[in-house]
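Those letters in the sequence shown? Residues 1 to 396, per the numbering used here, in order. See structure below.
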Amino acid sequence: MNPTTHRAPTRVLGALGLATGLALAAAACSATEPSPAADGATGSAVPHGFVEGASESREPQLRLLAVSATGETVLHDLLTAETTTLDPIDAPDHSATDGRFLVTSDAERTTVVDGGAWTVDHGDHTHYYAAEPRVVGTLDGGGPVEVHSSETTTTITWPERGEAVALDRDALGQGDVEQRAAVDASVLLPFGEHLVQASDDGVRVLDGDGRAASGTAPQACTEPTGGIVTRAGAVVGCADGAVVVDDDGGTTFVELPDGAERPTAFAARSGRPTVAGVAGTTGAWLLDARDRSWRHLATERPLRTVVAVDDADEHVVGVDDQGRMVVLTAATGAVATTEPLIGAGAVPLLQLDAQRAYVADPEDGVVHEIDFADGARVARTIELPIAPAAFAEVGL
Numbered sequence: 001m002n003p004t005t006h007r008a009p010t011r012v013l014g015a016l017g018l019a020t021g022l023a024l025a026a027a028a029c030s031a032t033e034p035s036p037a038a039d040g041a042t043g044s045a046v047p048h049g050f051v052e053g054a055s056e057s058r059e060p061q062l063r064l065l066a067v068s069a070t071g072e073t074v075l076h077d078l079l080t081a082e083t084t085t086l087d088p089i090d091a092p093d094h095s096a097t098d099g100r101f102l103v104t105s106d107a108e109r110t111t112v113v114d115g116g117a118w119t120v121d122h123g124d125h126t127h128y129y130a131a132e133p134r135v136v137g138t139l140d141g142g143g144p145v146e147v148h149s150s151e152t153t154t155t156i157t158w159p160e161r162g163e164a165v166a167l168d169r170d171a172l173g174q175g176d177v178e179q180r181a182a183v184d185a186s187v188l189l190p191f192g193e194h195l196v197q198a199s200d201d202g203v204r205v206l207d208g209d210g211r212a213a214s215g216t217a218p219q220a221c222t223e224p225t226g227g228i229v230t231r232a233g234a235v236v237g238c239a240d241g242a243v244v245v246d247d248d249g250g251t252t253f254v255e256l257p258d259g260a261e262r263p264t265a266f267a268a269r270s271g272r273p274t275v276a277g278v279a280g281t282t283g284a285w286l287l288d289a290r291d292r293s294w295r296h297l298a299t300e301r302p303l304r305t306v307v308a309v310d311d312a313d314e315h316v317v318g319v320d321d322q323g324r325m326v327v328l329t330a331a332t333g334a335v336a337t338t339e340p341l342i343g344a345g346a347v348p349l350l351q352l353d354a355q356r357a358y359v360a361d362p363e364d365g366v367v368h369e370i371d372f373a374d375g376a377r378v379a380r381t382i383e384l385p386i387a388p389a390a391f392a393e394v395g396l
C-alpha cells in the first residue's frame, strides 16, 4: 500500500496522547524466529515492536538513510552494501532521528520516513526487526525538529515553536500518521507509561491522558532545551544543569558547576545511561543519569557535535570545528583525531552504533565509517548516489 499523507488535527493545548506502558512480555518473544503474521496471531502474543510484514533477525539490520538537498531519498544497507531509492520528499532544512524514523522539516511542514529497521531492547534480551522502508506522511508546521520514541509512542517536537505532538508508533510502522494529542512544549519525551514535558516554567511528568501524574510535582528548570531518554531516566537540559526523571516519576536536578556553559542538546548510543553534550568551546560534557553527575572532557578544538558511546572504555565521539572526527577515551584520557573529513562550514551529520561511527559529507556524497575503538581509524568510505542534507543510521 502506498504511504498516505495525513494532516495533523487541531492542536489541543495541555493534552497529551495516550502513552501505554513498556510492559515486557518476555515469554512471548522469540529472538530468532520470524514475527508471526498479523492475521495468524489470534490466541498468541505478538512481540513488542511488531509491524505487519516485518521479519526478525539474529543481528541488527543497520542501514543508512539519506536525503539530498532537493529531497531525493536513498537507503544504504550496511550488511549487503545495496542502495535502494525511496520516494522523494520535501527538501529538508532540518532533521532528527530516533534510530528508526528520520524526521525532516522545512519552513512549512514536517515529513516522517520509516527506515524499515529497528531494535527492541528488553533489557535481558534484544530483538532485531526489518520491514519495507517507506515515506510515512507529513505534519503541518516546520522549523527545527526533534524526535523520540518508546515502543508505543513517538514524540515530535518543534522547540523554536514551543509545540510538540505524540503519535502512535505502531501506526507509524504501518504507514499512518495518527496524532494522539498535542501540547505546548520545548521538550517532549515518551517515558514508560508517562510523557515528560518541558516548557518555560519547568518539567512535568504527565500520565497517559495528559494530566499531571499522581504523586508528582513540577520541577523548576530555567530555559529547558534538549532532552533524551536513557536507561537510567529521562533527561531535560536546563540553563544551569539538567533534570533527570526516574521510573517512578521522581525528579532530580543535577547542577552544572558555577559558570559552566550549558549543553543545548544531548546524544548517546541507545539504551545507555550516560549522554554527551557540547561544552561551549572547551570540549564535551558527560552526564551520567544513573549517578546524577557531570564530567567535563577538554578538547584541543571546539566541538560542533558529540555523542557518548558509553562502552567499557567510555568512548565519546565528536566532530570539531575543522571537520575532523575526534574520539575521546574518557577511561584513559586518550584523544584520537582524523584528518578533516567534512568542510569546516558543513553541518556535521554524525551517527553511531556499538561498533562504528558514521559522518556524512554533504558536499562529496560520501559517508565515512570510523572505528572509534581503533584510534579513530577510517574503516571505509561509502559512496552514495546523493549528497546527504539529512542523514540517519537506522536499525538501532
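Beta carbons are placed, not taken as given, at the ideal position from N, Cα and C, and that holds for glycine. Keep in mind that this is a model prediction, so the values were computed, not measured.
Between the CA atoms of residue j and residue i - distance to the nearest angstrom
i: H315; j: V378; result: 16 angstroms
i: L18; j: R100; result: Here the model assigns L18 a pLDDT of 27, short of 50, so the residue's position is not dependable, and the following value carries that caveat. L18 and R100: Cα-Cα distance of roughly 21 angstroms.
i: D77; j: A198; result: 36 angstroms
i: P9; j: D311; result: With a pLDDT of only 31 at P9, under 50, the local geometry of the prediction cannot be trusted, and no value is derived from it.
i: L24; j: W158; result: Model confidence at L24 stands at a pLDDT of 29, short of 50, so the residue's coordinates are unreliable; what they give is reported in the following sentence. Taking the straight line from one Cα to the other gives about 31 angstroms.
i: T305; j: A96; result: 13 angstroms
i: G215; j: T152; result: 24 angstroms
i: V245; j: A239; result: 17 angstroms
i: G280; j: E261; result: 6 angstroms
i: H94; j: G123; result: 32 angstroms
i: R380; j: S105; result: 30 angstroms
i: H148; j: E163; result: 14 angstroms
i: D258; j: H194; result: 32 angstroms
i: R211; j: P340; result: 49 angstroms
i: P273; j: V366; result: 31 angstroms
i: V275; j: I228; result: 8 angstroms
i: A131; j: R356; result: 23 angstroms
i: A217; j: G250; result: 8 angstroms
i: L396; j: R63; result: 9 angstroms
i: R324; j: E56; result: 37 angstroms
i: D207; j: V243; result: 18 angstroms
i: V309; j: G53; result: 32 angstroms
Nearest residue (CA-CA) to residue i, options the options
i: E59; options: A117, V67 and S105; result: A117
i: L65; options: A284, D248, D98 and L328; result: D98
i: P133; options: A330, I370, Q61 and R211; result: Q61
i: I382; options: G241, S95, G375 and A360; result: A360
i: E160; options: E82, G141, H148 and E178; result: G141
i: G103; options: T80, R180, A239 and V67; result: The amino acid at residue 103 is misidentified as Gly; the sequence shows Val. The option with the nearest alpha carbon to V103 is V67.
i: T111; options: D168, T84 and P88; result: P88
i: A107; options: T274, T126, D124 and L139; result: L139
i: V120; options: G241, D320, L341 and G271; result: G271
i: V135; options: G123, H148, H122 and L75; result: L75
i: E72; options: R63, L79, G323 and L86; result: L86
i: G345; options: R356, P362, V147 and T332; result: P362
i: P224; options: G241, A213 and A217; result: G241
i: E369; options: V165, A81 and E56; result: A81
i: V347; options: A166, G277, D321 and W285; result: D321
i: D248; options: D168, A213 and T154; result: A213
i: D184; options: E178, D170 and T155; result: T155
Contact under 9 angstroms by Cβ, residue i with residue j
i: P263; j: T282; result: no
i: V317; j: L352; result: yes
i: A182; j: T230; result: no
i: G115; j: A392; result: yes
i: A336; j: P92; result: no
i: F253; j: Q219; result: yes
i: V307; j: I342; result: no
i: P385; j: T83; result: yes
Near the ligand GTP: residue i beta-carbon under 8 angstroms from a heavy atom
i: E314; result: The ligand GTP is not part of the structure shown, which contains no ligands of any sort.
Q. On the three-pair Cβ rule with 8 angstroms, is the stretch 231 to 238 touching the stretch 187 to 202?
A. yes
(Q) Three Cβ pairs or more, each shorter than 8 angstroms: is that satisfied between the stretch 170 to 180 and the stretch 193 to 204? (A) no
(Q) Suppose only complete runs of 3+ residues qualify. What are the beta strand (DSSP E) ranges in the stretch 255 to 300, listed by chain order? (A) 274 to 278, 283 to 288 and 293 to 298
**Q.** Cβ pair count under 8 angstroms reaching 3, the stretch 288 to 306 against the stretch 321 to 331
**A.** yes
**Q.** Minimum length 4: unbroken alpha helix (DSSP H) runs contained in the stretch 177 to 244
**A.** none
Q: Run through the stretch 61 to 92 for me and flag every whole alpha helix (DSSP H) of 4 or more residues, listed as ranges in chain order.
A: none
**Q.** Segments assigned beta strand (DSSP E), at least 3 residues, entirely inside the stretch 323 to 351
**A.** 324 to 329 and 334 to 340
Q) In the stretch 115 to 182, which residue ranges form an unbroken alpha helix (DSSP H) of at least 4 residues, counting only runs that do not cross its ends? A) 169 to 173
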